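Residue numbers (UniProt numbering): 1 to 811. Positions of the beta carbon are idealized from the N, C-alpha and C atoms, including for glycine. These figures come from a predicted structure and were not determined experimentally. Here the structure comes first, spelled out in structure tokens, and everything after it is commentary.
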Amino acid sequence: MASMFVIGIDFGNESSYIAVPRAGGIETISNDFSLRATPSCVAFSNRNRIIGVAAKNQLITNLRNTIFGFKRLLGKMFDDPSVEHELRYLPFQITRMKDGTIGIKVHYLDEDHVFSIQQITAMFFTKLKETAEAALKCEVNQCVISVPSFFDNAERQALLDAASIAGLKVLRIFNETAATALTYGIYKQDLPNAEEAPRNVIFVDCGHTSLQVSACAFNKGKLKILASASDPNLGGRDIDIILAEHISQDFVTRYDIDPTKNSRAFVRLMGEVEKLKKQMSANSTKLPLNIECFMNDKDVHFEMKRIDMEALCSNLFERVEITLRRCLDESGLRPEDIYAIEIVGGSTRVPAIKTLIEKVFGKAPSTTLNVDEAVSRGCALQCAMLCPAILVRDFSITDVQNYPIKMVWDPSAKDDGQMEVFPRYHPIPFAKILSFYRREPFVLKAVYAHNNKFIGKFAVGDVKPDAEGQSQKVKVKARINLNGVFSVVNATLSEKQEVDPNDVEPMDVSPPPSDESQAQQTSPEAAAAAAGENDGGESKGGEKKERKKRAAVKTVELPVQVELLGAYTAGELNSLVEDECKMVSTDRQERDRVDARNALEEYVYELRGKLSSSEELATFIPQPEREKLCQQLDEIEAWLYEEGEDCQRQVYADKLKFLRESGEPIKKRKLEFESQPTLFEEFSSVLQLTQKAIDQYKAGDEKYSHLEQSEIGKVQESTNYAWKWVEETRSKLKATSRFQNPPVSAEQIKTEKTNFEQTVSKILLKPKPQPPTPAPPQEPPKDDASKCATEANNEAAAASQLPNGDEKINA
């Protein structure tokens, strides 16, 4: 784990969060502005892309080329009715792409470009990836990304494509409702056991653009999503829009200006209205809104109370109540069955929404979760569970498919050509095998059962009649994977073959069973074929009686051509990855160029300020040279703000090198003159201590008695030489003008001091020799009686040496 990290990303419409699992828990990463929230904005200039906080900061000045709110356009077709609703308040220009999707037209690198929503999203993911890598000091390429539970197949697939373009491997697309539930449940130690009734918790997530409500059942080590209801167009932004339009009407009356007809003014008004809304959530008194030079150089003023805001947004709050009750009804729970209601999302801070939650569920909402970071923390936890390198407590998550999916095919005389494969709230991931009897290639289409919205088309090829011209059994495996994306993953043909009973039985080449849960389903046409009702001659039973040879079944893999709505082909994806890499390289070059320019500008200001101060460099350069250097600095400063505004990086680097050749010698000279007196004092202190040791030796100090006279002579000689060198060099330094380089450098003084210390320390610090160990005396042999007496005397002597209070006990 030291060199590899996985991250969880809460991809929001207004701002996003990055969390990372660490040994001590989950940590939210701060961006390059030391903020935990990174605005979901991408801006374009003539030289580079600007992403995140910097993009939002220049929104007003670069309105047409700053893209925000693109999450709600991801995976949508240009003609989708929801797109028209979103574009009412987005100031940038969109266009229709060749495949019917949405393109955004911007001015970038002095040219007009059209980028897909997937590309814009990939640019933002690239920024999040760079932020994580800068904070973690290592490469990051695996992640879990959150999406609203109401995202459909095309939106999820578009998000996967965007992550691939950004160089991220998505371990899972995680529903925000499930991420919040995981954050809540994994740390709970008091959940009921598996055989006990589950703990039911309602989660209400009201964010910038949407409201999501989910009912979850918790047992120890697992959670299950019971139901989920949402309103994709009900969030804090919708409250802001209602207030902004109301205030705009007031401005038309009082100031004769209409912000709704001016994109720049309306964006400014939306920002101020959001601040006012937050203040009203904490205050019930009348609060002011003031904007200077708003439109036509007019300053505007407005006042509003919370009760007025609630009256204006009453229809929104009615929709909130409807969504809450729908989730309660679909979950099959009663208010008394609910243990707690947890709220997340910035808009749940609105008092009216809290009141509605308590009204519907009969309990006050709890705020134990981090309102803004709960989803990103859940994504980080799920990422840790899916990464084998991280040990996490076992916790099972049963998420559900929020929309029913049905398969449609060309109807025959015996069926209506459709079947609901995955009903609403079906657990995911899950796979089902559908059986068809066909004699030629066929096409399956997947659509959502509730609105017939197209999901994808799957063409099964290489199907042919059997040897008797009859239809053959084709098994089609349909799957909803961990990301909530539906697809047909494979198709197999059960081909009948006749073999002689004496021959070896042919091997079954059917594919191994999937790890995912599977269900066997048979279409109406397949059931009819199994009953012998298909076109053909005699029944299969009669055929078997006539055959003398035994029939065997061989499984053959069939090609499936997959065409998902809005998904890129492999070739298109590779091309977009190359384009993103080129733009990343361009951004890096521009960043290096700006850094070089800033370094030159900073050096100009720093050097000029020090040259003008007598306490800095003014006394270390002659007056004519100082004036000449200051003139050069003024010229470079003027050049920087005129023709040097947009030069290449190397131009700035060359000018900085030229200035350093003049400025650094002055700085070095100042440093030498200021540091050398201190170094001489330190050297002198060492010499004084050495001379003191020599005098102690001459006085007969026992400490140096083991040293030879010749050794002390060497020390004295080295000390005399060093004293002479210090005095002569110090005198030269005092006689040297500050306009000239000193006679020696500080490094030379340090070297002389180090050499002297090494020379004398070898002698003065030499340890005394150890005295020789005397040999033990030889005792004459003793008889047994004398030995016993000697031992008794030794014991008595040892006892007398014991500390006070100790006793020697003889057993």
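| Check | Outcome |
| --- | --- |
| Rounded Cβ spacing between residue 382 and residue 174 (contact assumed at less than 8 Å) | 5 Å |
| Residue 477, buried or exposed, once every other Cβ within 10 Å from all chains shown has been counted against 16 | buried |
| Sub-9 Å separation of residue 356 and residue 407 beta-carbons | no |
| Assigned exposure category for residue 85 - 16 Cβ within 10 Å defines buried | exposed |
| Cutoff 8 Å; reference residue 441; Cβ partners in own chain excluding five residues on either side | 459, 460, 461, 462 and 463 |
| Inter-residue spacing [alpha-carbon to alpha-carbon] between residue 673 and residue 742 | 7 Å |
| Rounded separation between residue 298 and residue 277 - CA only | 23 Å |
| Cα-Cα separation between residue 257 and residue 292, rounded to whole angstroms | 14 Å |
| Inter-residue Cα distance where the pair is residue 656 and residue 121 | 38 Å |
| Bridge partner(s) assigned by DSSP for residue 210 | In DSSP, residue 210 forms no bridge with anything. |
| In DSSP terms, what residue 230 is bridged to | 212 |
| Alpha-carbon to alpha-carbon, residue 435 and residue 470 | 16 Å |
| Secondary structure of residue 13, DSSP reduced to three states | coil |
| From 152, 7, 130 and 140, residue whose alpha carbon lies closest to that of residue 565 | 152 |
| Burial state of residue 835, where buried means 16 or more other Cβ atoms lie within 10 Å | Within the shown structure, residues of the chain are numbered from 1 to 811, placing residue 835 beyond reach of any answer. |
| Burial state of residue 709, where buried means 16 or more other Cβ atoms lie within 10 Å | exposed |
| C-alpha gap between residue 385 and residue 148, whole angstroms | 21 Å |
| Same chain, Cβ closer than 6 Å to residue 62, five either side skipped, listed in chain order | 43 |
| Exposure label - residue 605; buried when at least 16 CB within 10 Å | exposed |
| Buried versus exposed call for residue 591 [16 or more other C-beta atoms within 10 Å across all chains shown] | exposed |
| Residues bridged to residue 21 [DSSP beta-bridge criterion] | 26 |
| Buried or exposed (CB count within 10 angstroms, at least 16 for buried), residue 24 | exposed |
| Complete runs of the beta strand (DSSP E) confined to the stretch 105-159 [at least 3 residues] | 111-116 and 140-147 |
| Alpha-carbon to alpha-carbon, residue 142 and residue 320 | 36 Å |
| Rounded separation between residue 308 and residue 359 - CA only | 21 Å |
| Contacts around residue 596, its chain only, beta-carbon distance under 6 Å, and the 5 residues preceding and following it disregarded | 649, 652 and 653 |
| Exposure label - residue 450; buried when at least 16 CB within 10 Å | exposed |
| Cβ neighbour criterion (16 or more within 10 Å) applied to residue 766 | exposed |
| Buried/exposed call for residue 342, threshold 16 Cβ in 10 Å | buried |
| For residue 8, three-class secondary structure by DSSP | strand |
| Member of 303, 201, 733 and 234 whose CA lies at the smallest distance from the CA of residue 348 | 234 |
| Nearest candidate by alpha-carbon position, reference residue 286, set 295, 302 and 624 | 302 |
| In DSSP terms, what residue 340 is bridged to | 201 |
| Contact set for residue 812: own chain, Cβ-Cβ below 8 Å, skip 5 residues either direction | Residue 812 lies beyond the residue range present for the chain, which begins at 1 and ends at 811; the question has no answer from this structure. |
| Outcome for residue 35 when other beta-carbon atoms lying within 10 angstroms are tallied against a minimum of 16 | exposed |
| Straight-line gap, residue 217 to residue 200 (C-alpha atoms, nearest Å) | 5 Å |
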